[in-house]
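In full-length UniProt numbering, the protein residues as written are 1 to 573.
From the three backbone atoms N, C-alpha and C, an ideal C-beta is built for every residue, glycine too.
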């Protein structure tokens, strides 16, 4: 009989057209990109995330040889640009080093010699911080066979930072183990100006290195706002030099504190990645952290029919942690405290919280009732109105603009017209509406003329089995709005990661790449990003890219990431 050739299957297939032509299966480059039961178009290597607004792609590759390739810029003396170029160089070299020397050979590809980065506006580039409505427009042109030189143009340094990130994602290793980039043209800008990620460092302290790693991941996904819910009832890790008792009595321990030096480092780290840092100090509720050091700030709450005051248990918020709105001391204290915050943080905005104000506490206090009588108030919402007006005026005097959660408006409180409102309630029963969805809240609030940021459909601390990123991808902040003038009032949205069950051990894996779905929805054209079946292959590629860059992003499909498997070197795969 005839000896069976190696690789002969058993049982014998019904139809088998065999050959003796072999392919090399290199685990450093070979991976399964499409499952048999998957629909959609597999993403070609070098596919960026989020998807650019205009992307003319090709399959024509240029060789990137580190011996000849270089990037120049008219802004090399700008530290933000220089750092961005340095990060790109590190990324370039890390990929190149992964290619074994003995696998390289003389390439037949044309080498791309250079890319010039031209930034139109570079004034104050060494002192500027990202702010609301920054221009992030950029263009990338790597011509098709017509030149060995590419170019990037950006209006501002923030657009340049986004362009360099996109360029880093266009680079890939081809089948011949060559570092290449395809000829391409990209014109890109964000759909929304506010694209945020919120972290909660009160319920569980988040180590500084985890926050910095998350800022890296945010930059890989073109997020531009770090909303830092830094304190709450559970702990007060923010160092105040004016009121040191706040951390002495409110932090979990002396080790669970963000010093002002730590905070400055985080702000600068974010700045170099084009990310704003907006702190949140929630008031008048969620203030037990303040009250541990300064109990005189809080309203005394009483139980039903009981004349003895009580305090809330640590794991149950909103019962005895609400500021006293009646006394000048509260506002004087907060003015001094927020002035210190203003001197430390660089953004125009501070988040004042103002969610979940526990009316039952105010209702239980006879002094609050007397206060209402003195001011001819008939509803507790008028007490909240009084507090809100005084607090916002205080913040404006300091030089801050403010953001709040939607709760004051839900309670009938009138806010200053320039207040930004975050819609966070997935369901809310409004007394005059039968529609209780977050979309109805957006319609109602923009209908009153307020600018809105949406987070209701992006609470990523809620987890579920399977590919739950898809529901985040389907959410659109303006889909329920028909009028363009109302759509213009939606500034964007943010992914929220509350910390009841999240700390440094699981934050990054739980957040990424699920937050990447939010990133593309906030950056890209919704008309070009409505196919989940195709998006998942691009997202899977992006997940592997984040893994290689040190972010332990969890999988969304079966398979593996070639040589970039987490906690395994190439020899182990």
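heavy atom of the ligand SAM below 8 Å from residue i C-beta
i	result
residue 407	As far as ligands go, the structure on display features none, and thus does not contain the ligand SAM.
Beta bridge counterpart(s) of residue i as assigned by DSSP
i	result
residue 154	119 and 138
residue 72	116
residue 57	184
residue 238	258
residue 283	353
residue 80	Beta-bridge pairing links residue 80 to no other residue.
residue 198	227 and 496
residue 421	404 and 452
residue 111	63
residue 278	227
Buried or exposed (CB count within 10 angstroms, at least 16 for buried), residue i
i	result
residue 375	exposed
residue 15	exposed
residue 245	exposed
residue 465	exposed
residue 514	buried
residue 70	exposed
residue 234	buried
residue 22	exposed
residue 575	Past the boundaries of the shown model lies residue 575; the chain is included only from 1 to 573, so the question cannot be answered.
residue 10	exposed
residue 283	buried
residue 168	buried
residue 397	exposed
residue 173	buried
residue 482	exposed
residue 485	exposed
residue 3	exposed
Pairwise C-alpha distance: residue j and residue i
i	j	result
residue 386	residue 393	11 Å
residue 117	residue 450	38 Å
residue 561	residue 542	10 Å
residue 13	residue 275	56 Å
residue 53	residue 217	21 Å
residue 91	residue 124	27 Å
residue 463	residue 500	13 Å
residue 78	residue 120	13 Å
residue 203	residue 504	12 Å
residue 365	residue 410	23 Å
residue 170	residue 151	14 Å
residue 206	residue 497	12 Å
residue 261	residue 61	46 Å
residue 182	residue 57	8 Å
residue 477	residue 8	55 Å
residue 536	residue 298	49 Å
residue 367	residue 468	49 Å
residue 263	residue 201	13 Å
residue 195	residue 565	29 Å
residue 351	residue 41	42 Å
residue 141	residue 520	22 Å
residue 20	residue 223	50 Å
residue 345	residue 279	8 Å
residue 511	residue 360	35 Å
residue 363	residue 369	7 Å
Residue i and residue j closer than 9 Å at C-beta
i	j	result
residue 455	residue 490	no
residue 358	residue 401	no
residue 608	residue 129	The structure shown does not extend to residue 608, since the chain is modelled only from 1 to 573, so the question has no answer here.
residue 516	residue 539	yes
residue 220	residue 556	no
residue 525	residue 191	yes
residue 198	residue 495	yes
residue 404	residue 380	no
residue 236	residue 293	yes
residue 149	residue 114	yes
residue 55	residue 186	yes
residue 266	residue 179	no
residue 290	residue 325	no
residue 492	residue 193	yes
residue 532	residue 459	no
residue 508	residue 68	no
residue 188	residue 166	yes
residue 164	residue 51	no
is_contact[residue i, chain B] using C-beta, thresh 9 Å
i	result
residue 451	Of the protein chains in the structure, only one exists, and it is not chain B.
Would you mind listing the beta strand (DSSP E) stretches within the stretch 443-501 that are 3+ residues and don't spill past its ends, in chain order?
List check, beta strand (DSSP E) in window: 451-454 and 490-497.
4 or more residues per run - each alpha helix (DSSP H) lying fully within the stretch 532-572
532-548
Start-end ranges of the alpha helix (DSSP H) lying completely within the stretch 200-236, minimum 4 residues:
208-220
Identify every run of the beta strand (DSSP E) within the stretch 502-526, keeping only runs that are complete inside it and at least 3 residues long; order them along the chain.
Runs found: none.
Ranges of the alpha helix (DSSP H) found wholly within the stretch 357-404, counting only runs of at least 4:
359-364, 366-374 and 380-398
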